[in-house]
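Novice: Take the sequence shown: its position 42, counting from 1, is numbered 41 in numbering that gives the first Met the number 0, and each next residue is one higher.
Below are the C-alpha cells for one structure; questions will follow.
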Amino acid sequence: MPSCKALFLPEGISDHYPTKVVLNEEYKTKKGFQFCNVWTKHSKFLPIVQEGWKAHIEDGMMYQVVRKLKLLKKKLRVLHVEEFQNIVSEANANRGKLKHAQMQLQRYPYSIDCQQRDS
C-alpha cells in the first residue's frame, strides 16, 4: 500500500469537511477515454461510428453494446491521432493564456497594452 495523507479542507457552506487524499507514489495508469465534440464535425466521424455499430458480435445484448463501444473507442483514438493530435493540450494552453489575460485586465483595467494584446 502506498503511503498517503489526508487533508481536511474548510467546510465552506456545507456542514461536511471535504477531504483530499494525496498518494505519495506515482502510479502509471492508462489515460481514460476523452470524447472531443469537434470529432463530430469531421467527415470521417460518421462512417467510423456507423461501421463500428454495424459490427456483428455474438453474445448477450449488453455485452454487444460494451464490445462495440470498445471497438469504436479504438477507431476514434486513431482518428484523434491522425487529425486532432494536440487539440486538448492546445485548448488547455489557450485557457491558461485567457486566464492570464483576464487577470492582467483586472489588475490594470486602463492599460492599453493589456486591452490590445493578441497573445
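Glycine included, C-beta positions come from ideal geometry on N, C-alpha and C.
What you are looking at is a predicted structure, and each value in this text was computed from that prediction instead of being measured.
Run through DSSP, which three-state label would Thr18 get?
Specialist: Residue state, collapsed to three classes: strand.
Novice: Identify every residue that forms a DSSP beta bridge with Leu6.
Specialist: DSSP, once it has assigned bridges, lists Lys19 as partnering Leu6.
Novice: Following the continuous alpha helix (DSSP H) through Trp38, name the residue where it begins and the one where it ends.
Specialist: Per DSSP, Trp38 belongs to no alpha helix (DSSP H) and is neither H nor E.
Novice: Write down the C-beta distance between Gly51 and Leu22 rounded to the nearest angstrom, noting that I regard them as a contact closer than 8 Å.
Specialist: That belief does not hold up - the Cβ atoms of Gly51 and Leu22 are roughly 36 Å apart, past 8 Å.
Novice: Using the beta-carbon count (16 or more within 10 Å), is Leu68 buried or exposed?
Specialist: Looking at its Cβ environment, which holds fewer than 16 other Cβ atoms inside 10 Å, Leu68 is exposed.
Novice: Helix, strand or coil: how does DSSP classify Ser118 here?
Specialist: The pLDDT assigned to Ser118 is 48, lower than 50, so where the model puts this residue is not dependable; a value taken from the coordinates is nonetheless given after this. The answer is coil: DSSP assigns Ser118 none of H, G, I, E or B.
Novice: Going by Cα to Cα distance, which pick from His55, Lys19 and Leu75 is closest to Phe44?
Specialist: Residue Leu75 is the option with its Cα nearest to Phe44.
Novice: What does a CB cutoff of less than 6 Å around Lys4 pick up in its chain, not counting 5 residues either side in sequence?
Specialist: Val21, listed in sequence order.
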